[in-house]
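Written out below as structure tokens is the structure these notes cover.
Residue numbers (mature numbering (1 follows the signal peptide of the UniProt record, and there is no 0)): -26 to -1, 1 to 343.
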């Protein structure tokens, strides 16, 4: 992490000199501004796609926003992914989460209907083209629907995670699986996922590691919050693993190669001033910064380094730590923004600072030396 320490030191000196709402420093604290993937692009997710990055989001469209995706190998040159909607909601959807396995699986979101509720759309394809596959309203909606929030892919299986009012009348985690990206099957009554008597379970993020899928979430019994992770080698059979401490697990970062503990889970405590939590293993957790409000947007592993994009009191912050969650430090962002998303490139990092009601700015930072 030496390259990060050099840049952070320079950024902290500049931050002390600037203050207020100005950028971190005159040259953006070591971040290089580069052009966006398209005019008005709003990046809402960045995921690894082989030796490239896949950015998901939207662009301005005739009815507000239109779904869009791009790939890049260096952060400077972008290739637009051909995106083909097949429904009215698909035309105005924003792409919010994705996974790359034998195929690319993407979750989109639009708003509509009598109550302007989120309407989920599902897309699949490859790094050059994505097609929407419309689902029945009851697949993700209806009186028993709670929400769908994340997508991942492992091998030939696509996975979506969310929550559903199960057969026992209790809110619980649900997953949707697909072998072809078009036909999806909901699992809402798996005992490992669903809520037991007196319990509510909820899912945060999902990732694919070298051994399969990992879902971060929690259970609630009364006022007690138990952080959890669920693991599955195939997306169909699940194991529930309690995490140490009390709080909510929100995001997962997984290494690409097999190792003793390939994934790290990141979340937060619950209370008046929530605090960041980081689990390198199920039995160990470390604490980080807190605030009046705290949300975890992304966790990313880069070799032996963990990067965490969080929001504290409505402003994005980027943190770095060791793979074991120790040595947690802040990486100054080039500008203040509501949200930030990062991706690994061969020579450093790509950063998208995003206004969910506006557009995104793209930044690069090379590794020192």
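Just so you know, even glycine gets a beta-carbon here, dropped at the ideal spot from N, CA and C.
query: As assigned by DSSP and simplified to three states, the class of residue 8; result: strand
query: Contacting residues, own chain, Cβ-Cβ under 6 Å from residue 79 (five flanking each side not counted); result: 73, 98, 125, 127, 132, 155
query: Cut-off 6 Å between Cβ atoms - residues of its own chain near residue 175, not counting five sequence neighbours on either side; result: 146, 147, 169, 193
query: Where residue 113 sits in the DSSP three-state scheme; result: helix
query: Same chain only: Cβ atoms within 6 Å of residue 54, ignoring 5 sequence neighbours per side; result: 44
query: Short Cβ contact (9 Å threshold) for residue 179 with residue 225; result: yes
query: Residue 135 beta carbon less than 9 Å from that of residue 177; result: yes
query: When 35, 21, 2, 23 are compared against residue 15, the one with the closest alpha-carbon; result: 35
query: Exposure of residue 334, with buried meaning 16 or more beta-carbon neighbours within 10 Å; result: buried
query: Residue 65: first and last residue of the uninterrupted alpha helix (DSSP H) it sits in; result: 62 to 65
query: C-beta contact flag for residue 46 and residue 26 at 9 Å; result: yes
query: Residue 313, enclosing beta strand (DSSP E) - first and last residue; result: 313 to 319
query: Residue -1 - DSSP class collapsed to helix/strand/coil; result: Residue confidence is low: residue -1 scores 43 on pLDDT, short of 50, so the model does not pin down where it sits. No coordinate-derived value is stated.
query: Residue from 304, 201, 52 whose Cα sits closest to the Cα of residue 217; result: 201
query: Residue 195 classed as buried or exposed, judged by whether at least 16 other C-beta atoms fall within 10 angstroms; result: exposed
query: Residue 129 in three-state terms, based on DSSP; result: coil
query: Helix, strand or coil at residue 299 [DSSP, three-state]; result: coil
query: Exposed unless 16 or more other CB atoms sit within 10 angstroms - verdict on residue 159; result: exposed
query: Spatial distance of residue 102 from residue 56 (CA atoms); result: 6 Å
query: Helix, strand or coil at residue 104 [DSSP, three-state]; result: strand
query: Delimiting residues of the beta strand (DSSP E) encompassing residue 68; result: 68 to 74
query: Contact set for residue 284: own chain, Cβ-Cβ below 7 Å, skip 5 residues either direction; result: 250, 268, 269, 270, 271, 291, 293
query: Distance, residue 301 Cα to residue 113 Cα; result: 44 Å
query: Short Cβ contact (9 Å threshold) for residue 28 with residue 42; result: no
query: Cβ of residue 128 within 9 Å of any chain D Cβ; result: Among the protein chains of the structure shown there is no chain D, as only one such chain exists.
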